[in-house]
Structures are given as C-alpha cells and as structure tokens.
Amino acid sequence: MPFGEYQYSLDDKGRVVIPAPFRDFLEDGLVLTRGMEGCLYVFPSDRWRKIEEQLVNLPLTDAEARAFVRFFYSGAHKTRMDNASRVLIPPPLRQFAGLQEGGEVVVAGAPGRLEIWSQERWWKTIEEIMRHPPAPEALKGLIG
Numbered sequence: 001m002p003f004g005e006y007q008y009s010l011d012d013k014g015r016v017v018i019p020a021p022f023r024d025f026l027e028d029g030l031v032l033t034r035g036m037e038g039c040l041y042v043f044p045s046d047r048w049r050k051i052e053e054q055l056v057n058l059p060l061t062d063a064e065a066r067a068f069v070r071f072f073y074s075g076a077h078k079t080r081m082d083n084a085s086r087v088l089i090p091p092p093l094r095q096f097a098g099l100q101e102g103g104e105v106v107v108a109g110a111p112g113r114l115e116i117w118s119q120e121r122w123w124k125t126i127e128e129i130m131r132h133p134p135a136p137e138a139l140k141g142l143i144g
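Numbering-wise (UniProt numbering), the sequence shown opens with residue 1 and increments by one.
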C-alpha cells in the first residue's frame with residue numbers, strides 16, 4: 001500500500017511526477033478520476049477493474065447510485081506513466097481538482113490508491129482534520 005506525501009509542481013503540459021515510492025504500485029497502468037473533497041484518485045489498473053465490477057452491480061433504479069457513477073466513472077481516464085514517471089492529467093480533471101499549470105500539487109498515498117491535491121486544498125483539508133479529528137468506530141481498536 002502506498003503511503004506518504006510528496007510535493008511537486010504541475011508542468012506546463014499538465015503533467016505531474018509520480019514519486020519514486022509509488023511507481024511500482026502503478027507500473028501496469030493507472031486510472032485517474034474525481035475523488036472526494038476535491039482531489040483526484042489514482043488507482044492501479046487491476047484495482048480499477050475491481051471497482052468497475054462493483055459499479056456495474058449498482059442498481060440503475062437508485063438515483064444516488066446513478067449520481068455517484070456519473071461523478072466517479074464519467075471523469076475516469078486510463079493512462080500510463082511516461083519514461084520520466086510523469087502522468088498527464090486531462091484538463092477536466094485539472095479543473096475539478098483546482099490544479100494550475102506551474103502550481104504546486106501534493107501526491108499522497110492512501111489505502112489502495114493515490115490522491116492528487118492542489119497544495120492549497122491539501123493543507124486546508126489537513127487543517128480541518130486537525131480542528132475536528134474524525135473518530136470512526138472502526139479505528140478505535142487500531143489507534144486507541
């Protein structure tokens with residue numbers, strides 16, 4: 001599982017470097033899509049196939065399921081790292097995540113995925129978590 005956070009700049013073509021510790025995780029290809037809280041999710045291709053299997057099974061009669069599929073799946077973009085370990089982020093996804101050419105981005109590890117954030121949104125999100133720390137029931141045994 002990828003973990004850690006790394007700061008890079010988005011180049012003038014809309015590409016970001018994938019940090020060295022995350023490259024093996026994505027070596028067989030990847031899918032970029034809209035994530036929660038205004039970030040982008042980056043899934044390895046094999047993980048994305050499992051997600052697609054779950055999305056196909058969502059009920060078409062459920063309006064919330066349809067809305068989630070529109071949000072999550074319609075923005076998805078399959079790609080690979082180039083020889084310099086960069087990933088091109090398509091303009092609609094850059095716009096969604098508030099990423100500007102030449103701007104600072106954070107590439108962060110998460111269980112089963114990476115997240116790409118504008119640096120400004122990343123720190124606002126971290127500050128909000130510090131002000132209001134979540135206490136999910138599932139973590140009580142893990143962190144006390």
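For glycine and all other residues, C-beta sits at the position ideal for the given N, C-alpha and C.
Item checked: Contacts around A19, its chain only, beta-carbon distance under 6 angstroms, and the 5 residues preceding and following it disregarded -> The residue labelled residue 19 in the question sits at position 19 within the sequence shown. A small correction: the amino acid at residue 19 is Pro; Ala does not occupy that position in the sequence shown. Correct list, in chain order: Y6, V107.
**Prompt:** L26 and A97 look like a contact to me (Cβ under 8 angstroms); what is the Cβ gap, rounded to whole Å?
**Reply:** Taking the first residue of the sequence shown as 1, we reach residue 26 at position 26. Taking the first residue of the sequence shown as 1, we reach residue 97 at position 97. That belief does not hold up - the Cβ atoms of L26 and A97 are roughly 18 angstroms apart, past 8 angstroms.
* To do: Give the single residue among E37, P21, M81, L30 whose Cα lies nearest to the Cα of I129.
  => One-based indexing of the sequence shown puts residue 129 at position 129. Nearest option by C-alpha distance: E37.
Over the uninterrupted beta strand (DSSP E) stretch that includes F25, give me the two end residues.
For the purposes of this step, residue 25 is identified with residue 25 of the sequence shown, where counting begins at 1. Going by DSSP, F25 is part of no beta strand (DSSP E) at all; its letter is neither H nor E.
Should G102 be labelled buried (16 or more other beta-carbon atoms within 10 Å of its own) or exposed?
Residue mapping note: residue 102 aligns to position 102 of the sequence shown, counting from 1. By the beta-carbon neighbour count (other beta carbons within 10 angstroms, threshold 16), G102 is exposed.
- Item | Between the CA atoms of E120 and S45 - distance to the nearest angstrom | By one-based count along the sequence shown, residue 45 stands at place 45. By one-based count along the sequence shown, residue 120 stands at place 120. Their Cα atoms are separated by approximately 28 angstroms.
Host beta strand (DSSP E) of P19 (start-end) = Here residue 19 corresponds to residue number 19 of the sequence shown, with the count starting at 1. Taken as a continuous stretch (DSSP letters only), P19 belongs to no beta strand (DSSP E), as it is neither H nor E.
(Q) With a threshold of 7 angstroms on Cβ separation, who are the neighbours of residue 193 within its own chain once the five nearest residues in sequence on each side are excluded? (A) Look at the range of the chain in this structure, 1 to 144, and you will see that residue 193 is not part of it.
inquiry  = Applying the 10 Å Cβ sphere with the 16-neighbour rule, what's the burial state of W48?
reply    = Reading the sequence shown from its first residue, position 48 is the one you call residue 48. A buried status is given to W48, since no fewer than 16 other beta-carbon atoms sit within 10 Å of its beta-carbon.
### Coil, strand or helix - Q100 by DSSP
In the sequence shown, the residue the question calls residue 100 occupies position 100. The answer is coil: DSSP assigns Q100 none of H, G, I, E or B.
- Query: By how many angstroms is the C-alpha of K78 removed from the C-alpha of V17?
  - Reply: Taking the first residue of the sequence shown as 1, we reach residue 17 at position 17. Taking the first residue of the sequence shown as 1, we reach residue 78 at position 78. Their Cα atoms are separated by approximately 16 angstroms.
So, under 8 angstroms CB-CB, Q95 and L10 are touching, yes? Tell me the CB distance rounded to an integer number of Å. Walking along the sequence shown from the start, residue 95 turns up at place 95. Walking along the sequence shown from the start, residue 10 turns up at place 10. About 12 angstroms; that fails the 8 angstroms criterion.
- Nearest to A76 (by Cα), restricted to the options S85, D82, F43: Locating residue 76 in the sequence shown gives position 76, counting from the first residue. Looking at the Cα atoms, F43 is the closest of the given residues.
**Prompt:** Of the residues V31, A67, G14, which one's Cα is nearest the Cα of L114?
**Reply:** Residue 114 sits at position 114 when you count from the first residue of the sequence shown. Cα-wise, what sits closest to L114 is V31.
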